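Here's the structure, in structure tokens; my notes come after.
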Amino acid sequence: MISAQFSLAVLLLLLLTLLHLSSPANARPQWYYADPISMANNRGTLFDNLWGRNEMETIEYKRRVTESEEVLQVKIAITERINSGGSGQIFIGYYAGEVLSSNSQRLPPPKGKCVGIKIYSQQKGYDFIRGVQMLTELKQHENMNKHIVDLMDYGMIEPGQSLSGYLSIFELADLSLFQELEIAGNRRYKSDLITLIKSIMNILVEVHEAAVHLDLKTKNILVFKKRDITNRIVSAVGFSREFSLKLTDFDGSAFVENGVGETDQPVITPDYTSPELLEQKIYEQPSKKTSSSTGIYANIKKKFLKVPTETKSKTPQGKHVKKVTTKMDIWSAAITIYEIVLINFLNGSWSSNSMPINMADFRPNIENKVKRIGELCRFARLYDDTLNEHQQQMMIIKLDLVVAAFKPGSEDWWLRYSGVVINILDMWCNKYGMPDIAYLLVNMLDIDPTVRMAAKGVIDYLDGKCRPRQITLALFSNVSAEQLDEWLDNEIARLKQIKCNKKDLHYKSIKKIKAKLEKVVEIQKNFLEKLEEIEDECDE
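Positions -27 to -1, 1 to 513 (mature numbering (1 follows the signal peptide of the UniProt record, and there is no 0)) are the ones given, in order, by the sequence shown.
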């Protein structure tokens, strides 16, 4: 009797649940059978907003598609901001699907779909236009759809609303790669990291056929978790079976031909940006016919979107441009790989320190390390012994005033960089070290862009099919183990001269680096011998 009553209660509960879900007021989009991790992030707030716990805001926008100004209006509900960048703010939204008026042939985004919405101010109209053109053009290339985020719609926000300017509507990912990597305890093994690196480079192989991104980083790589036919996340072993990756944020990108192009307003994140792009002088654009990459604003106005004359967008005049190459993305990819490995070290507590992690400091700690590693690699010419002191000072001032006080090998230099020097050495000699990846990063962060392997070359290298054309054993920039050892000896001698307490943290750190370096020298020697056995050279 009890069993029968229990079964009846369960049946009634299921029927009530189905009725609740099927009612119009509670109809949930199919997408929203999300996993707990996604719900724990920003989507939990979206869930509350969508189902009446908090009031949603409705935004109306016009789509301008052709020169004839066909206009379509739809409503979009926008929840709280989840991210912001140099060109706009990103929200999670819900497409309400109400078409107010239309004479357009282009369909709106599917109704009942959770989406990502990027809002551009009127001052950022040019970034909006360029991003739309880049994504629209790239989507026409074969195999590109699986590597770049899907642009679902775009247009101008109607006046008189709380938000103004322009918007782009994208497919909504589960997480950014940074969010996925920083999940507490989610350590991955070396094989998974290599798979992840190859997945990122596969994206670049396709993108570099037509464009250079110029702002590659973990926050611009989106993670889409694989789902079964019921829309539930597939539980699988191995990174490639768990996720697919897509690149987003093409607002500062440029079209290229044979790996070279031009741009007038690159949107960059300096810590990830190659030195040749940061240092490059602006040159006058020739008066001859411009390429597609320098005529972006005019081309897209004509082909895709007519921007109203009342816009306050700062329109580039097309007089000043910078040369860009796909090798700039290779540099950014290397800094991104460093970030991936560092997060993995810290998140799994398997760095040599094995210290507990304060998750509140996790993100600032990683961002600080990424910045320091970028500085070490970017200022290679500071370590050039052929430069006299005056030339070095002029080089420092040219590159970055902040670094002017940090003479290589000095006390201040060690205080600033000793932490990341340990991390770099750990990649060679840590218990879970990965000398093949450590050596790869030396190549990808070479100060000479022509030396860096192309994206396809990086994949082939990781598969053991080839070796870099120039075999150079360094730790970072052009600093070898011998050079670093000399700086260590000088610092140890200085500390002894001032009778530094051997329990001092700085002294212990220097001694620790010294001990690690001895192991790295032997590992590098063995690694080089194996590398020289490979005959084929990787693509550059």
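We put the CB at the ideal spot given by N, CA and C, even for glycine.
Quick caveat, the model's predicted, so the values are computed rather than measured.
For residue i, the first and last residue of its enclosing alpha helix (DSSP H)
i, result
"Glu110", "Gly98 to Leu111"
"Glu235", "Careful: Glu235 lies outside any alpha helix (DSSP H), inside the beta strand (DSSP E) at Val233 to Thr236."
"Tyr412", "Pro408 to Met417"
"Glu491", "Leu478 to Leu504"
"Glu179", "Lys163 to Val180"
"Ser391", "Glu384 to Cys402"
"Phe151", "Leu150 to Leu154"
"Val343", "Phe335 to Arg351"
"Ile420", "No alpha helix (DSSP H) holds Ile420; DSSP gives it neither H nor E."
"Tyr434", "Ala428 to Leu435"
"Leu448", "It is not in any alpha helix (DSSP H) - Leu448 carries neither H nor E in the DSSP assignment."
For residue j and residue i, believed in contact at Cβ under 8 Å, the rounded distance
i, j, result
"Tyr434", "Leu413", "6 Å"
"Ile176", "Leu218", "6 Å"
"Ser450", "Ile420", "6 Å"
"Val240", "Thr298", "About 17 Å; that fails the 8 Å criterion."
"Lys35", "Gly128", "5 Å"
"Leu457", "Val393", "That belief does not hold up - the Cβ atoms of Leu457 and Val393 are roughly 13 Å apart, past 8 Å."
"Ile65", "Leu150", "In fact, because the Cβ distance is near 18 Å, the residues do not count as touching under 8 Å."
Neighbourhood of residue i by C-beta distance below 6 Å, restricted to the same chain and skipping five residues each side
i, result
"Val415", "Ala447"
"Leu(-13)", "Only weak support is given to the placement of Leu(-13): the predicted model assigns it a pLDDT of 46, under 50, and the question is left unresolved by the model."
"Asn116", "Glu179"
"Lys163", "Met407"
"Ser327", "Residue placement at Ser327 is poorly supported in this model, since its pLDDT is 48, which falls under 50; the coordinates still yield a value, given next. Excluding positions up to five away in sequence, the list is empty."
"Ser482", "Ser391"
"Glu110", "none"
"Ile496", "Trp401, Cys402 and Pro408"
"Ser247", "Met301 and Trp304"
"Met417", "Ile303, Ala307 and Arg425"
"Tyr245", "Lys190, Ser305 and Ile308"
"Leu(-10)", "Low confidence applies to Leu(-10): its pLDDT is 44, below 50, so where it sits in the model is not reliable enough to give any reading."
"Phe500", "Pro408"
"Ala227", "Val185, Gly234, Thr236, Ser266 and Val297"
"Arg351", "Pro248"
For residue j and residue i, the rounded distance between their alpha carbons
i, j, result
"Ile308", "Asp188", "11 Å"
"Tyr67", "Ile92", "14 Å"
"Val196", "Lys475", "47 Å"
"Pro243", "Val494", "32 Å"
"Glu510", "Gly430", "8 Å"
"Asp123", "Val452", "42 Å"
"Arg442", "Glu131", "55 Å"
"Ile507", "Asp409", "13 Å"
"Arg440", "Gln62", "42 Å"
"Lys503", "Asp224", "42 Å"
"Asn118", "His479", "50 Å"
"Arg467", "Cys473", "9 Å"
"Leu154", "Phe335", "11 Å"
"Phe216", "Leu315", "20 Å"
"Leu(-15)", "Gln152", "Residue placement at Leu(-15) cannot be trusted, given a pLDDT of 45 that sits under 50; the coordinates are not used to answer."
"His114", "Gly437", "29 Å"
"Val343", "Lys404", "22 Å"
"Glu459", "Tyr311", "25 Å"
"Glu455", "Pro337", "32 Å"
"Ile339", "Asp100", "28 Å"
For residue i, the first and last residue of its enclosing beta strand (DSSP E)
i, result
"Met125", "Leu124 to Ile130"
"Tyr245", "Neither: Tyr245 is in no beta strand (DSSP E) and is coded neither H nor E."
"Ala227", "Ala227 to Glu230"
"Gly89", "Lys86 to Tyr93"
"Lys198", "Ile194 to Lys198"
"Leu218", "Phe216 to Leu220"
"Leu468", "Note, Leu468: premise wrong, no beta strand (DSSP E); alpha helix (DSSP H) at Ala454 to Gln470."
Under 8 Å between C-beta atoms of residue i and residue j
i, j, result
"Gln134", "Glu33", "yes"
"Leu140", "Ile90", "yes"
"Ile190", "Ser60", "A small correction: the amino acid at residue 190 is Lys; Ile does not occupy that position in the sequence shown. No, the Cβ-Cβ distance between Lys190 and Ser60 is not below 8 Å."
"Ile142", "Met125", "yes"
"Val424", "Met301", "no"
"Leu461", "Lys498", "no"
"Glu491", "Ala427", "no"
"Pro422", "Glu249", "yes"
"Lys485", "Ile395", "yes"
"Ile313", "Leu220", "no"
"Glu505", "Ile465", "no"
Same chain, Cβ closer than 8 Å to residue i, five either side skipped, listed in chain order
i, result
"Ala411", "Ile397, Met400 and Trp401"
"Asn463", "Gly382"
heavy atom of the ligand MG below 7 Å from residue i C-beta
i, result
"Phe228", "This structure lacks the ligand MG, and indeed carries no ligand of any kind."
7 Å Cβ shell around residue i - same chain, five flanking residues per side excluded
i, result
"Thr147", "Thr is not the amino acid found at residue 147; the sequence shown has Asp there. Around Asp147: Ser11, Val196, Phe197 and Lys198."
"Lys171", "Ile432 and Leu435"
"Lys380", "Trp386"
"Ile167", "Leu435"
Below-8 Å beta-carbon distance, residue i vs any chain C residue
i, result
"Lys296", "Looking for chain C here will not work: only one protein chain is present."
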